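In the working numbering, the protein residues as written are 156 to 315.
Take a look at the structure:
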């Protein structure tokens, strides 16, 4: 995992590019630029671990390019079940951060790519500096979490 300077990647991940992502849709240029400048831009290779069970949940990631696979242990045997593949524009790790609990699964980069890490501190700063845009950001996150719940519901139905 390598941290990059956003200023050097601005052409690849411009505000126009980011506006096309579900997580950043409808945010103002100023609020989006605020997050891009202050968040951590990470280049991550396939197979690298973002977080593991028990890790602190003080940030989440938005997939800018590539894909992340999330696994959770089935039971005490330690067998890990793949629950979700996070694609471009989606977030991974928000539930743990907002729930104030340790990570309950493992997230691995499935396809090499780029992630924007948004810390709890940056999340709070966005709320203070851009309260209206923060509300929109929360709606975007809630919409994605709704899709995740629907996906898990379908997995449960398909299992039976």
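Glycine included, each C-beta is placed from N, C-alpha and C at the ideal position.
These figures come from a predicted structure and were not determined experimentally.
Contact with chain D by residue i, beta-carbon distance below 9 Å
i, result
"residue 204", "In the structure shown, chain D does not exist; there is a single protein chain."
Residue j beta carbon less than 9 Å from that of residue i
i, j, result
"residue 217", "residue 205", "no"
"residue 215", "residue 272", "yes"
"residue 295", "residue 182", "yes"
"residue 168", "residue 238", "no"
"residue 166", "residue 199", "no"
"residue 299", "residue 246", "yes"
"residue 288", "residue 244", "no"
"residue 228", "residue 260", "yes"
"residue 201", "residue 264", "yes"
Per DSSP, the bridge partner or partners of residue i
i, result
"residue 195", "272"
"residue 229", "DSSP lists no partner for residue 229."
"residue 239", "225"
"residue 266", "222"
"residue 214", "274"
"residue 246", "217"
Distance between beta carbons of residue j and residue i, contact taken as under 8 Å
i, j, result
"residue 212", "residue 258", "6 Å"
"residue 255", "residue 189", "With a Cβ gap of about 24 Å, residue 255 and residue 189 do not count as contacting."
Residue i (DSSP reduced to helix, strand or coil)
i, result
"residue 219", "strand"
"residue 284", "helix"
"residue 157", "strand"
"residue 167", "coil"
"residue 208", "coil"
"residue 257", "coil"
"residue 291", "helix"
"residue 180", "coil"
"residue 201", "coil"
"residue 234", "coil"
"residue 331", "As displayed, the chain neither begins before 156 nor continues past 315, which places residue 331 out of reach and without an answer."
*Are at least three pairs of beta-carbons, each pair with one atom in the region 164-176 and one in the region 229-242, less than 8 Å apart?*
Touching, no, given that fewer than three Cβ pairs across the two stretches are closer than 8 Å.
*Decide yes or no for the touch test of the region 266-283 against the region 194-210: beta carbon pairs closer than 8 Å, at least 3 of them.*
yes
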